[in-house]
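S.K.: In our numbering, the protein residues as written are 34 to 239. Beta carbons: idealized from backbone N, C-alpha and C, even for Gly. Quantities reported herein were computed from a predicted structural model and do not represent experimental measurements. One structure, pasted below without further comment.
Okay, here's the thing in structure tokens:
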């Protein structure tokens, strides 16, 4: 266990911060919210309990920070110059982040808390799910601005359809691959994309 630094003004060590957040996510996934404790996180991270309490006032605050930190693992939004390719890369990015980290196990642990502790689940929506949804919609809005996506499309439904398919395949144990993601995107893309000029009806028929 590391020695505690008594000087409160000393800058925080980023490595210690990361170790605490990783430990919190691991125990949340392994034991659930009710089964984890600040003491357990401190032991897992190799720090003193007071090191954690200097950063987070409660277990709930610690979990909220750990969940929010998952967004950093996703990296910047792709911008290849082609919106369809951006969507594929964005979903691959999400999939890789889920596979590297606690992923679906962590989400499952928080889903269990939705009834018992709805405020905690709302924190996950606020810190992780809504920001990523908004970022995904930014990618699609960029496609609208480029003239690749129809302006009348409900972008939120489009995001739900594509990302939701990845979650459903995981639930049913269907192996994920780039090809499957591209097939999913192409199915939704057919309803999003602006029709080529040759396929558009004459003005008098519209």
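Does the Cβ-Cβ distance between residue 107 and residue 55 come in under 8 Å?
M.R.: As a working mapping, residue 107 is identified with position 74 in the chain shown. As a working mapping, residue 55 is identified with position 22 in the chain shown. The beta carbons of residue 107 and residue 55 sit no closer together than 8 Å.
S.K.: Where does the unbroken alpha helix (DSSP H) through residue 47 begin, and where does it stop?
M.R.: For the purposes of this step, residue 47 is taken as residue 14 along the chain shown, with counting starting at 1. 47-68 is the extent of the alpha helix (DSSP H) around residue 47.
S.K.: Which residue marks the beginning of the alpha helix (DSSP H) containing residue 88, and which one marks its end?
M.R.: As a working mapping, residue 88 is identified with position 55 in the chain shown. Taken as a continuous stretch (DSSP letters only), the alpha helix (DSSP H) holding residue 88 covers 82-88.
S.K.: Would you kindly work out how many angstroms separate the C-alpha atoms of residue 72 and residue 105, rounded to a whole number?
M.R.: As a first step, residue 72 is located in the chain shown; it is residue number 39 there, counting from the start. As a first step, residue 105 is located in the chain shown; it is residue number 72 there, counting from the start. C-alpha separation (whole angstroms): 25 Å.
S.K.: Given 8 Å as the limit, is there contact between the stretch 207-216 and the stretch 121-131, that is, 3 or more CB pairs closer than that?
M.R.: yes
S.K.: What does the Cβ neighbour count give for residue 229, buried or exposed, with the cut at 16 atoms within 10 Å?
M.R.: Translated into positions along the chain shown, residue 229 becomes position 196. Exposed, by the Cβ-count rule.
S.K.: Roughly how many angstroms separate the alpha carbons of residue 227 and residue 111, rounded to a whole number?
M.R.: Numbered from its first residue, the chain shown carries residue 227 at position 194. Numbered from its first residue, the chain shown carries residue 111 at position 78. Here the alpha carbons of residue 111 and residue 227 stand approximately 21 Å from one another.
S.K.: How long is the line joining the alpha carbons of residue 50 and residue 185, rounded to whole angstroms?
M.R.: Here residue 50 refers to the residue found at position 17 when the chain shown is read from its first residue. Here residue 185 refers to the residue found at position 152 when the chain shown is read from its first residue. Roughly 44 Å separates the two Cα atoms.
S.K.: Does the beta-carbon of residue 176 have 16 or more other beta-carbons within 10 angstroms, so that it is buried, or is it exposed?
M.R.: Sequence index remark: in the chain shown, residue 176 carries index 143 (1-based). With 16 or more other Cβ atoms within 10 Å, it is buried.
S.K.: Give a yes or no on whether the C-beta atoms belonging to residue 145 and residue 137 are separated by under 8 Å.
M.R.: Taking the first residue of the chain shown as position 1, residue 145 is located at position 112. Taking the first residue of the chain shown as position 1, residue 137 is located at position 104. No, these two residues do not count as a Cβ contact at 8 Å.
S.K.: Tell me whether residue 138 counts as near the ligand FAD, meaning its Cβ is closer than 7 Å to at least one heavy atom of that ligand.
M.R.: No copy of the ligand FAD appears in this structure; indeed no ligand is present at all.
S.K.: Compare the C-alpha of residue 58 against each of 193, 101 and 188 and name the closest.
M.R.: As a working mapping, residue 58 is identified with position 25 in the chain shown. The option with the nearest alpha carbon to residue 58 is 101.
S.K.: So what's residue 226 in DSSP terms, helix, strand or just coil?
M.R.: Residue 226 sits at position 193 when you count from the first residue of the chain shown. Strand at residue 226.
S.K.: Tell me the rounded alpha-carbon separation between residue 154 and residue 143.
M.R.: Locating residue 154 in the chain shown gives position 121, counting from the first residue. Locating residue 143 in the chain shown gives position 110, counting from the first residue. Those two C-alpha atoms are separated by around 6 Å.
S.K.: Using the C-alpha atoms, what's the distance from residue 195 back to residue 77?
M.R.: Along the chain shown, read from residue 1 onward, the residue named residue 77 stands at position 44. Along the chain shown, read from residue 1 onward, the residue named residue 195 stands at position 162. Between residue 77 and residue 195, the C-alpha separation is close to 36 Å.
S.K.: Count the other C-beta atoms from every protein chain shown that fall within 10 angstroms of the C-beta of residue 223, then say buried if there are 16 or more, exposed otherwise.
M.R.: Here residue 223 refers to the residue found at position 190 of the chain shown. When all chains shown are included, residue 223 counts as exposed.
S.K.: Chain C beta carbons: is any one of them nearer than 8 Å to that of residue 225?
M.R.: You won't find chain C in this structure, because it holds only one protein chain.
S.K.: Distance check for residue 81 and residue 191, CA to CA, integer angstroms please.
M.R.: Taking the first residue of the chain shown as position 1, residue 191 is located at position 158. Taking the first residue of the chain shown as position 1, residue 81 is located at position 48. Rounded to the nearest angstrom, the two C-alpha atoms are 46 Å apart.
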